[in-house]
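Chains as they are written, first to last, in my numbering: chain A, 1 to 194; chain B, 1001 to 1194; chain C, 2001 to 2247.
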C-alpha cells in the first residue's frame, strides 16, 4: 500500500464522520487532489481484492470505510455484550435519597443534594428504577417518587426493609427531620457517619 | 482472507472497544476458540504485511483495530481526531497506587501520597478508570477501589500483569521499610529521577 | 501568586523556581527540595529542609494547603527531636527521620510507577480507535449493574454533602400545624362558625398563632372551611364548608 493510501485508511478509520477528498488532501502537504483520488482508488481496490471485511464507500460527498453489507447479519447476531452501563454519581446519589426517603418529592431531593434533579429523575424513571407513587399535599401538589420492584431485583432485596441500616440512614437523609426533632436524631446522624 | 477473518475484521472494525476471543467466537456458530485465534493471527499478519494504516492490537483482555502510531501526527495535524487529554499528576499517582495495591481504601492512598484524595477518586471514577470493588473490614468499613477494563484500554495493557513488577522498579521497597534502607536506596532514587 | 521576592533560604539557591501546581503534594515538594540540592533521602538535614519547606509554602501563600501545613508541622517537630542531645553509641536509639525516609521512598516508588503509566498512556494515545460508527445494530439493552455497596457509598456522599448546621439545628418550639388543624376541625364540628380568637385556643403564644394561621390556610385550600373578614381590621370569622366530593 502506498503511504498516502495508508494515511487515508487510518484517517477514515478514526474520523468521526465521512471525509471529503479535499479534507483528505490536508493529510499530506505534498499531495494533490489527483493524488488523493488515486490513493482512494488503490485503497478501494485493495480492500475489495483482498476480500476484507470492510469496504471503501463514497457517500454524501465524502468517503468512509464501512463493514460489508453481507456481513451485517452475522455481526448483528453475535453477542457482543455491551459493557454493562453503570449509573453516574449523580444518579446514584439521587437513587440513594429516594430509596431511603420515599415517597419523596423533587424539591426535597434538590434540597438535600444542593443541585437540580430534573434530568436525573427522568433518566432513573426511564431505566425503570423509580416511579411516581403519588402527589404531595404540599403547595403545588408536587409528584412524589419511590423505587420500583426492579430496583429491589437489581439489588437482590426482598423489600425495602432489607436495605442496610435503614433506620439510621432514613433519619440522616431527612433534611427537615433535624429541624423538627431533638438531640436523638443528631445522635443517630453521628452514628451513621462513624 | 478466509471468511472468519473477514467477519472478525468487520466486527472489530465496527466495535468501539476491544472484543474478547469468546465474543468473536459468537460470530460463527461453527467456529471454535482455536479457529478464532488462528483467524486473528491471519488478520494481524495481513494488516501488517499489506502495510495497512490500521493494525490489530491485543489489549484489556480483548482485540481491537487501531491506527498505526506512526500516522498519529499527520492525522492529528489534519484535525480529524484529537488525542485523549493527559491525566494529571495527581490522577496518575493515585492510579499507580490503586493499580498495584488493589483493592485499596482511600486512607491508604492518602497516607502514601500525603494529600487528601476525595476529588481525584471521584473524577477517576467518573472517567470509569477505577471502581468500588468492595468494603474493608476495618473500622467504618471504608470503600475499596480497583482498576477497570477502561484503565487497561487507556494504557494499552493486556492485563494487570503487564504492569512492571515491583522488583523491576528502580526503587524496590524493602518489606519493612525505612529501617532496612541505606545509602543504596538514595542512589537508586537519584537515578530514577534523571 | 505573590510577587514578593523569595524569602528565607530560597534566595540562597540560584535559579530556584517553585510553582504550586508543579507539585502533587507535600511529599512531592520535599523530594523536589532534596533533588535540587542533591541530598540523599536517607540522610536529610532536617533543620535546613524544614526551613526551606516552610519558606516555600509561605512564599506560595498556600491557603488551601492543609496537607502542606501538616507536613510542615511534622518537619518542625522532627527538627526539635534532632536537636535533643544524645550519645551516638546509645543503644536502641531510632533515628526520628526513619518514618519520613520510609514515606519518601515509598512515594518515590509511586512516582516512578506514575511515570511509567504516563509513558504507556502517551504511547497508547498515538493510536486512534474507530470513531465513525455506522448505525449500530440494534442491541438489546444490557443489564444494568448496581449493588448495595455502590448505593451505600452514594448515601455516604449525600450525607457528607448535607451542610452540618441543618443537621444540628434544634428548634425548641416547633410549629404544630397538625395540632392546630385538629383543634380547628374539632371546633368546627361543634359549631359552624368560630372566631379566630377561638381557633387560637387559650393563652396563645406566637408559635400557636403561626401554627393556627398555617392550619387555616391549608384547610381553606382543601375547601374544608372559609375565612372571611367583614370589614378591614374586623375580626376574622371562620365558617365550616362541606368537603368537596372530589377531594
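Ideal Cβ placement from N, Cα and C applies to all residues, glycine included.
query: With a cut-off of 8 Å, does the C-beta of residue 2137(C) fall near any C-beta of chain A?
result: Any answer about residue 2137(C) is weak, because its pLDDT of 44 lies below 50 and its placement is not dependable; what the coordinates show is given next. Interface residue, yes.
query: Does residue 1116(B) have its Cβ less than 8 Å from a Cβ in chain C?
result: Taking 8 Å as the CB threshold, residue 1116(B) lines the interface with chain C.
query: Since residue 56(A) is in the beta strand (DSSP E), which residue starts that stretch and which ends it?
result: 54-59 is the span of the beta strand (DSSP E), which, as asked, contains residue 56(A).
message: I need the straight-line Cα distance from residue 2184(C) to residue 110(A), nearest angstrom please.
response: Linking residue 2184(C) to residue 110(A) through their CA atoms gives a straight-line distance of about 34 Å.
task: Tell me whether residue 64(A) sits in a helix, a strand or coil according to DSSP, three-state version.
output: Three-state DSSP puts residue 64(A) in a strand.
task: Within 10 angstroms of the Cβ of residue 1073(B), are there 16 or more other Cβ atoms? Answer buried if so, exposed if not.
output: It is exposed - the Cβ of residue 1073(B) has fewer than 16 other Cβ atoms within 10 Å.
Pick from 2239(C), 2192(C) and 2207(C) that is closest to residue 2177(C), judged by C-alpha positions: That would be 2207(C), whose Cα lies nearest to the Cα of residue 2177(C).
task: Determine the chain B residues that contact residue 2325(C) at a beta-carbon separation under 7 Å, and present them in chain order.
output: One cannot answer for residue 2325(C) here, as it falls past the ends of chain C, which runs 2001 to 2247.
Backbone secondary structure at residue 2192(C) - three-state DSSP: Of the three classes helix, strand and coil, the one that applies to residue 2192(C) here is coil, per DSSP.
- prompt: Which residues mark the beginning and the end of the beta strand (DSSP E) in which residue 2229(C) is found?
  reply: First-last of the beta strand (DSSP E) with residue 2229(C): 2225-2229.
field: Backbone CA spacing between residue 1093(B) and residue 1076(B) [nearest angstrom]
entry: For residue 1093(B) and residue 1076(B), the distance between alpha carbons rounds to 28 Å.
message: I'd like to know whether the C-beta of residue 1128(B) is nearer than 8 Å to at least one C-beta of chain C.
response: Chain C, which has no Cβ nearer than 8 Å to the Cβ of residue 1128(B), makes this no.
- request: Run down chain B in chain order and give the residues with a C-beta less than 9 Å from the C-beta of residue 2027(C).
  value: Identification of chain B residues near residue 2027(C) by a Cβ-Cβ cut-off of 9 Å yields 1112, 1113, 1114 and 1115, ordered along the chain.
task: Use the C-beta contact count for residue 1018(B): other C-beta atoms within 10 angstroms, 16 or more gives buried, fewer gives exposed.
output: Per the 10 Å Cβ criterion, buried.
message: If contact is defined by three or more beta carbon pairs under 8 Å, each pair taking one atom from either stretch, is the segment 1039-1054 of chain B in contact with the segment 1121-1139 of chain B?
response: No: fewer than three Cβ pairs fall under 8 Å.
- prompt: What are the residues that DSSP puts in a beta bridge with residue 1130(B)?
  reply: Partner(s): 1147(B).
query: Below 8 Å between beta carbons: does that hold for residue 38(A) and residue 27(A)?
result: No, the pair does not count as a contact, with Cβ atoms beyond the cut-off.
task: Determine the chain C residues that contact residue 100(A) at a beta-carbon separation under 8 Å, and present them in chain order.
output: Residues of chain C with a Cβ closer than 8 Å to the Cβ of residue 100(A) are, in chain order, 2155.
- request: With 8 Å as the threshold, decide whether the Cβ of residue 1059(B) is near any Cβ in chain A.
  value: The C-beta of residue 1059(B) comes no closer than 8 Å to any C-beta of chain A.
message: Considering only DSSP beta bridges, list what residue 1105(B) is partnered with.
response: Note: residue 1105(B) is bridge-paired with 1144(B) in the DSSP secondary-structure output.
message: So, with DSSP's three-state summary, where would you put residue 2136(C)?
response: Reliability of the predicted coordinates at residue 2136(C) is poor, the pLDDT of 46 falling under 50, and the value obtained from them is presented with this limitation in mind. In this structure, residue 2136(C) counts as coil in the three-state DSSP scheme.
query: Taking C-alpha atoms, which residue in 128(A), 132(A) and 171(A) lies nearest to residue 152(A)?
result: Closest by alpha carbon: 128(A).
query: When you check each C-beta in the segment 85-98 of chain A against every C-beta of chain C, which residues fall closer than 8 Å?
result: When CB distances to chain C are screened at a threshold of 8 Å, the residues of the segment 85-98 of chain A falling below it are 85, 86, 87, 89, 92, 93, 95, 96 and 97, in chain order.
- request: Find out if the Cβ-Cβ distance for the pair residue 2146(C), residue 173(A) is shorter than 8 Å.
  value: Against a cut-off of 8 Å, the Cβ pair of residue 173(A) and residue 2146(C) comes out as no contact.
- prompt: What's the C-alpha gap between residue 55(A) and residue 1069(B)?
  reply: For residue 55(A) and residue 1069(B), the distance between alpha carbons rounds to 22 Å.
- prompt: Looking only at DSSP bridge pairs, what is residue 1019(B) linked to?
  reply: Residue 1019(B) is bridged to 1063(B).
task: Have a look at 1164(B), 1122(B) and 1022(B) and flag the residue whose alpha-carbon is nearest the alpha-carbon of residue 1062(B).
output: Looking at 1164(B), 1122(B) and 1022(B), the one whose alpha-carbon comes closest to that of residue 1062(B) is 1022(B).
- prompt: Taking one C-beta from the segment 1097-1108 of chain B and one from the segment 2094-2101 of chain C each time, how about it: are there three or more such pairs within less than 8 Å?
  reply: Proximity of the segment 1097-1108 of chain B to the segment 2094-2101 of chain C falls short of the contact definition, fewer than three beta-carbon pairs being nearer than 8 Å.
query: Beta-carbon separation of residue 2123(C) and residue 1065(B) under 8 Å?
result: Their beta carbons are not under 8 Å apart, which means residue 2123(C) does not touch residue 1065(B) by this criterion.
C-beta neighbour in chain B for residue 2150(C), strict 8 Å: Yes, because at least one Cβ of chain B sits closer than 8 Å to the Cβ of residue 2150(C).
query: In chain A, which residues lie less than 9 Å from residue 1104(B) when you measure between Cβ atoms?
result: Under the 9 Å cutoff, chain A gives no residues; its nearest Cβ is about 20 Å from residue 1104(B).
Residue-level contact to chain B via CB, residue 2077(C), 8 Å cutoff: No, because no Cβ of chain B sits closer than 8 Å to the Cβ of residue 2077(C).
query: Which residue comes first and which comes last in the beta strand (DSSP E) that contains residue 2240(C)?
result: 2236-2240 is the span of the beta strand (DSSP E), which, as asked, contains residue 2240(C).
message: Give me, in chain order, the residues of the same chain whose beta-carbon lies closer than 8 Å to that of residue 2049(C); leave out the 5 immediate sequence neighbours on both sides.
response: Contacts found: 2030, 2033, 2034, 2039 and 2075.
message: Once DSSP output is grouped into helix, strand and coil, what is the label at residue 2035(C)?
response: Correct three-state label for residue 2035(C): helix.
- prompt: Can you tell me whether DSSP reads residue 246(A) as helix, strand or coil?
  reply: Since the first residue of chain A shown is 1 and the last is 194, residue 246(A) is not available in this structure.
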